[in-house]
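**Student:** Just dropping this structure here.
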Amino acid sequence: MAHIPDGVLSAPVLTTGAVLSAGALVYALRRLDYDRIPQAAMLSALFFVASLVNVPVGASSVHLILNGLMGILLGWAAVPALLVALLLQAIFFGYGGLAVLGINTLNLALPALLCAALFRGAIHRCHSPRQLFWLGALTGFSGIALTGVLVCLALALSGPEYIPAAKVALLTYVPLMLAEAAITGTILGFVQRVAPEQLRLQQVTRD
Numbered sequence: 609m610a611h612i613p614d615g616v617l618s619a620p621v622l623t624t625g626a627v628l629s630a631g632a633l634v635y636a637l638r639r640l641d642y643d644r645i646p647q648a649a650m651l652s653a654l655f656f657v658a659s660l661v662n663v664p665v666g667a668s669s670v671h672l673i674l675n676g677l678m679g680i681l682l683g684w685a686a687v688p689a690l691l692v693a694l695l696l697q698a699i700f701f702g703y704g705g706l707a708v709l710g711i712n713t714l715n716l717a718l719p720a721l722l723c724a725a726l727f728r729g730a731i732h733r734c735h736s737p738r739q740l741f742w743l744g745a746l747t748g749f750s751g752i753a754l755t756g757v758l759v760c761l762a763l764a765l766s767g768p769e770y771i772p773a774a775k776v777a778l779l780t781y782v783p784l785m786l787a788e789a790a791i792t793g794t795i796l797g798f799v800q801r802v803a804p805e806q807l808r809l810q811q812v813t814r815d
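Going by this note's numbering, the letters in the sequence shown line up with residues 609 to 815, in that order.
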């Protein structure tokens, strides 16, 4: 449930999400490395396709997000990459919606940036495949955990009637955390073998 639909959240939550996402987008575009645009487009397309496959979990459903991976590989460029994918999903498939585009972007992009800030330096210095896998797994796990917390917080702040739904939604993120941990660790290990220069990027504050 990374895509919160229209008509659920309160106006203050929607406004806050839109303002913060707009600010992050402006900052990200000002620091955009144009040489990274093809990579950002590829990862945006990967997120677009992966998140269309929903797996039922209890009363809700989950899908791959890969925002931890995007944060590591893209840094601040993850913000426009996620925004574009979410916008296209809202237009073509009705996932989420335009009114919640800001908060949905924030719920995915902020964890991506936090993962980059927390783990990118360690991944940059890592030369052991085993250590890289576990760092990648921690990154993927953390990205989803943070997204789950933000989604549930947005629901809870929109009204007490959404608190039970927020608790249920948080539980559905647990299997997704484990899946993304394994996938992110595996992908980063593959990238290190075939294109190690992709992991030798500047810190997130310089992208």
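Every residue, glycine too, gets a C-beta built ideally from N, C-alpha and C.
Val687 by DSSP, collapsed to three states: which one?
**Tutor:** Three-state result, Val687: helix.
**Student:** Tell me the DSSP secondary structure of Asp643 in three-state form.
**Tutor:** DSSP places Asp643 in helix when its eight states are reduced to three.
**Student:** With a threshold of 8 Å, are at least 3 pairs of Cβ atoms found where one atom belongs to the stretch 633-640 and the other to the stretch 745-762?
**Tutor:** No: the two stretches stay apart, fewer than three of their Cβ pairs being nearer than 8 Å.
**Student:** Can you give me the start and stop residues for the alpha helix (DSSP H) that Ile791 sits inside?
**Tutor:** Ile791 -> alpha helix (DSSP H) spans 771-802.
**Student:** Between the stretch 716-724 and the stretch 765-777, are three or more C-beta pairs nearer than 8 Å?
**Tutor:** Too few Cβ pairs lie closer than 8 Å, so no.
**Student:** Here's the rule I'm using: 16 or more other beta-carbon atoms within 10 Å means buried, otherwise exposed. How should Thr813 be labelled?
**Tutor:** The predicted model places Thr813 with a pLDDT of 40, which falls under 50 and marks its position as unreliable, so this point remains unresolved.
**Student:** Short of 8 Å in beta carbon distance, which residues of its chain neighbour Gly704, apart from the five on each side in sequence? Order them along the chain.
**Tutor:** Within the same chain, Gly704 has close Cβ partners His611, Ile612, Pro613, Asp614, Leu694, Gln697, Ala698, Asn712.
**Student:** Using three-state DSSP, classify His732 as helix, strand or coil.
**Tutor:** Three-state DSSP puts His732 in a helix.
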